[in-house]
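Below: the structure, in structure tokens.
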Amino acid sequence: MKKDLLTLRNLNRDEVLGLIDRALVIKKSGKGTERPLSGFSLGLMFDKTSTRTRVSFETAMGRLGGQTIFLSRKDTQMSRDELVQDTARVLSRYLDVLAIRTYSQELVEEMARWADIPVINALTDRYHPCQILSDLVTIKEKKGTLNDLKVVWIGDGNNVAHSWINAARILGFELVLACPQGYYPEPDVLEGSAGNIRVVEDPAEAARDAHVINTDVWASMGQDEEKDQRLLDFQGFQVNESLVGLARPDVLVMHCLPAHRGEEISADVLEGPHSVVFDQAENKMHLHQALLEKLLVE
Ligand code: CP
Ligand code: NVA
């Protein structure tokens, strides 16, 4: 049966750990010589802009010997009301796997229901599962383990935060999210989570003794009109030297990028010794290679 990655909840603990370890093996082996996906096609259907996700998926597919077809959704007949159910079945006749970046999680889920091929969520307003998988690769690479870690999220309870919550549910690490009032994660994403996941309003309380500090933009794609209000509401939630100083001396500072220096993160921290943001960006490619292998070859 085909397997989708619509949210991290589609994976169990062993699958998550297996993907992380495989991505690290792939990273060590460089470009490799095997091309197990020769003749396979990946569709990338995007409604939102992307630098990392698009290029890392395309490069990963190329390293596996396959090809990628990029589709801006507005250039497809979906923009003239062709139904998801027709689009999904047509694309399934051409492609072997489809990754979608869009606003609505429901659209990705509906596409997966109708498609005969694996569907990957390449970011929705609700989740960004591939990002967190590759960020876990970076943590494992730097720390050697994913056990006994305090992972902290500072900022908006957004799509990336939601996927961190899912990861903490699956792997059991401590996750403390510091979010301003009104910007908490969605209650149903938190619902039923265990004591290893907490939301607080004080960034300092969250950052204390952290092994990992994560942040993301204050206004995500699709929220541009809220930007001015958000700039006010997120005052005090910047990841800067004084916040990082509360964490463990070997803390990793992470950001999925793109970043806004001087807003959610100070320029000195982003460029400083704790920052692993460019390793994170690289590891997206290795993780995507591991993921495509898993969905198409295993
Ligand atoms: N982190 C991330 O998903 O980056 P892009 O928006 O550039 O794909
Ligand atoms: N939360 C951000 C993540 C970008 C990779 C957004 O959705 O725009």
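Count the sequence shown with the numbering used here and you get residues 5 to 302, in order. Positions of the beta carbon are idealized from the N, C-alpha and C atoms, including for glycine. Computed from a prediction, not measured in an experiment: that's the story for all the values here.
*Any idea what DSSP makes of Trp222, helix, strand or coil?*
coil
*Taking contact to mean at least 3 C-beta pairs separated by less than 8 Å, is the stretch 36-49 in contact with the stretch 13-28?*
no
*Pick out whichever of Gln284, Ala294 and Gly159 has its Cα sitting closest to the Cα of Ile143.*
Gln284
_Cα-Cα separation between Glu86 and His132, rounded to whole angstroms_ = 26 Å
*How should Asp18 be labelled, buried or exposed, when 16 other C-beta atoms within 10 angstroms of its C-beta is the threshold for buried?*
exposed
*Considering Val301, what are the terminal residues of the alpha helix (DSSP H) in which it resides?*
Careful: Val301 lies outside any alpha helix (DSSP H) and carries neither H nor E.
_DSSP-derived helix/strand/coil call for Lys7_ = coil
_Using only the alpha-carbon positions, how far apart do Tyr188 and Asp160 sit?_
7 Å
*Could you check which residue in Leu300, Lys298, Ala294 and Val301 has the C-alpha nearest to that of Ser33?*
Ala294
*May I ask you to check if the CB of Leu235 is nearer than 7 Å to at least one heavy atom of the ligand NVA?*
no
*Within 8 Å, strictly: CB atoms of Ala103 and Ala126*: yes
*Closer than 7 Å by C-beta to Arg105: which residues in its own chain qualify, once you throw out the five before and the five after it? Chain order, please.*
Phe50, Asp51, Lys52, Ser54, Thr57, Ala126 and Leu127
_Closest Cα partner of Phe74 within the set Leu68, Ser83, Val59 and Val88_ = Val59
_If contacts are defined as beta-carbon pairs under 8 Å, then Phe241 and Pro184 qualify, I think. What distance do you get, rounded to the angstrom?_
6 Å
*Going straight from the alpha carbon of Leu203 to that of Leu179, what length do you get?*
Correcting the residue type first, residue 203 is Val in the shown sequence and not Leu. Computed Cα separation, rounded: 9 Å.
*Quick one, are the C-beta atoms of Ile201 and Ala251 less than 8 Å apart?*
no
*Could you spell out the range, first to last residue, of the alpha helix (DSSP H) harbouring Gln89?*
Val88 to Tyr98
_8 Å contact criterion, which Met65 and Leu41 should meet: CB distance rounded_ = 7 Å
_Close-in-space but distant-in-sequence residues of the same chain around Glu205 (CB under 8 Å, 5 per side omitted)_ = Ala182, Cys183, Pro184 and Gln185
*When burial is assigned at 16 or more other CB atoms within 10 Å of the CB, is Asn151 buried or exposed?*
exposed
*asked:* For Gln71, report the span of its beta strand (DSSP E) as first-last.
replied: Gln71 to Ser76
_DSSP state of Gly47 mapped onto helix, strand, coil_ = strand
*asked:* Does the distance between the C-beta of Cys260 and the nearest non-hydrogen atom of the ligand NVA fall short of 7 Å?
replied: yes
_So within the stretch 231-299, which uninterrupted beta strand (DSSP E) runs reach at least 3 residues, ignoring any that extend past its ends?_
256-259
*Within 10 angstroms of its Cβ, does Gly199 collect 16 or more other Cβ (buried), or is it exposed?*
exposed
*Going straight from the alpha carbon of Leu68 to that of Phe238, what length do you get?*
42 Å
*8 Å contact criterion, which Ile158 and Val243 should meet: CB distance rounded*: 5 Å
*Return the chain-ordered list of same chain residues with a C-beta closer than 8 Å to the C-beta of Ala263, the five sequence neighbours on each side being excluded.*
Val221, Ile269, Leu274 and Val281
*Where does Leu12 sit, in a helix, a strand or coil, going by DSSP?*
helix
*If we ignore side chains and look at the alpha-carbon of each, how far apart do Ser224 and Glu267 end up?*
13 Å
_Distance check for Leu296 and Gln81, CA to CA, integer angstroms please._
27 Å
*Specify the secondary structure class of Glu178 as computed by DSSP and reduced to three states.*
strand
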